[in-house]
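Chemist: Just dropping this structure here.
There are 2 protein chains.
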Amino acid sequence: MILWDALGRRWALRVLWELRGNTLSFRALRAACDDISPTVLNSRLRELRELGFVELTDEGYALTKDGSELGDQLLRLTRWAKRWHERREG
Amino acid sequence: MILWDALGRRWALRVLWELRGNTLSFRALRAACDDISPTVLNSRLRELRELGFVELTDEGYALTKDGSELGDQLLRLTRWAKRWHERREG
DNA sequence: TCGAAGTGCTACGGAATTCGTAGCGATGGC
DNA sequence: GCCATCGCTACGAATTCCGTAGCACTTCGA
Numbered sequence: 567m568i569l570w571d572a573l574g575r576r577w578a579l580r581v582l583w584e585l586r587g588n589t590l591s592f593r594a595l596r597a598a599c600d601d602i603s604p605t606v607l608n609s610r611l612r613e614l615r616e617l618g619f620v621e622l623t624d625e626g627y628a629l630t631k632d633g634s635e636l637g638d639q640l641l642r643l644t645r646w647a648k649r650w651h652e653r654r655e656g
Numbered sequence: 567m568i569l570w571d572a573l574g575r576r577w578a579l580r581v582l583w584e585l586r587g588n589t590l591s592f593r594a595l596r597a598a599c600d601d602i603s604p605t606v607l608n609s610r611l612r613e614l615r616e617l618g619f620v621e622l623t624d625e626g627y628a629l630t631k632d633g634s635e636l637g638d639q640l641l642r643l644t645r646w647a648k649r650w651h652e653r654r655e656g
């Protein structure tokens with residue numbers, strides 16, 4: 567499952583998450599991701615771009631149509647995670 | 567987002583995926599995950615157990631109730647990924 | 001009672017990945 | 001000229017992951 571390989575890399579999910587609904591510059595995206603090292607951010611962006619989830623526009627990095635759909639899926643997952651977390655905390 | 571940290575680790579998503587609907591022994595699970603190194607598998611299992619997604623029963627490793635729900639979310643994601651992949655391949 | 005085979009799991013050395021910091025070349029105001 | 005910002009890279013240290021071997025334990029048939 568190629569998607570698991572891609573998403574199962576450090577910061578991959580987070581990068582997608584931060585770009586959901588936003589268009590961020592490399593540096594802004596880096597800041598949004600807890601000042602991740604630029605080396606790794608660039609690697610993740612390259613991978614996500616090759617998969618067609620992310621693109622670099624004039625305004626900065628943004629999700630493509632596919633990326634937005636994936637972001638929606640992640641939103642569902644996050645909504646579930648929120649409930650799960652609240653259940654855990656009690 | 568604690569879930570991103572947990573799932574954004576190598577093999578974490580894959581382990582959950584392989585356990586979806588199955589109860590597997592440590593070794594069987596290892597085999598299912600392309601013979602991942604037992605060191606890493608054990609780390610992931612420990613993390614997933616601490617989060618309450620996975621438990622070790624008499625029959626082997628299995629998803630908990632929470633883990634099953636997460637697995638369902640992953641199934642949705644996978645269904646989407648399948649369509650996405652087919653679109654890509656053309 | 002003695003293997004033999006299966007269980008979960010650890011040790012350990014080397015390879016791959018990630019991190020943190022510094023900085024490059026380009027571009028755009030002022 | 002000067003400064004700020006842009007995407008991005010270099011590089012050494014820290015962390016993580018891999019692959020192999022094997023330990024302690026249980027079960028089971030002979």
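From first to last, the protein sequence lines are chains A and Y. Take 567 as the starting number for the first sequence in the numbering used here and just add one per residue. Take 567 as the starting number for the second sequence in the numbering used here and just add one per residue. Glycine included, each C-beta is placed from N, C-alpha and C at the ideal position. Keep in mind that this is a model prediction, so the values were computed, not measured.
#1: Helix, strand or coil for residue 611 of chain Y per DSSP?
#2: Relative to the C-alpha of residue 614 of chain Y, which candidate in Y/581, Y/649 and Y/656 has its C-alpha closest?
#3: For residue 623 of chain A, does the count of other Cβ atoms within 10 angstroms reach 16, so buried, or fall short, so exposed?
#4: Taking only beta-carbon positions, decide if residue 633 of chain Y is within less than 8 Å of chain A.
#5: Taking C-beta pairs closer than 8 Å, name the residues in chain A that residue 618 of chain Y reaches, listed in chain order.
#6: Mind checking the stretch 569-598 of chain Y against chain A and listing, in chain order, the residues whose C-beta falls within less than 8 Å of any C-beta there?
#7: What residues from the stretch 600-612 of chain A come within 9 Å of chain Y, judged by C-beta to C-beta, listed N to C?
#8: Could you confirm whether any beta carbon from chain Y is found closer than 8 Å to the beta carbon of residue 628 of chain A?
#9: Can you check whether the C-beta of residue 641 of chain A is within less than 8 Å of a C-beta belonging to chain Y?
#10: List the endpoints of the continuous beta strand (DSSP E) containing residue 623 of chain Y.
#11: Quick test of your reading: residue 574 of chain Y and residue 577 of chain A, contact by CB under 8 Å. State the CB separation rounded to the nearest angstrom.
#12: Name the DSSP beta bridge partners of residue 626 of chain Y, please?
#13: Beta-carbon within less than 6 Å of residue 528 of chain Y's beta-carbon, same chain only, minus the 5 sequence neighbours each way: which residues are those?
#14: Does the structure place the stretch 584-601 of chain A close enough to the stretch 632-644 of chain Y that three or more beta carbon pairs sit under 8 Å?
Modeler: Taking the structure as given:
#1: helix
#2: Y/581
#3: exposed
#4: no
#5: 654
#6: 569, 570, 573, 574, 575, 576, 577, 578, 579, 580 and 583
#7: none
#8: no
#9: no
#10: 620-623
#11: 7 Å
#12: Y/623
#13: Because chain Y spans 567 through 656 in this model, residue 528 of chain Y falls outside it and cannot be assessed.
#14: no
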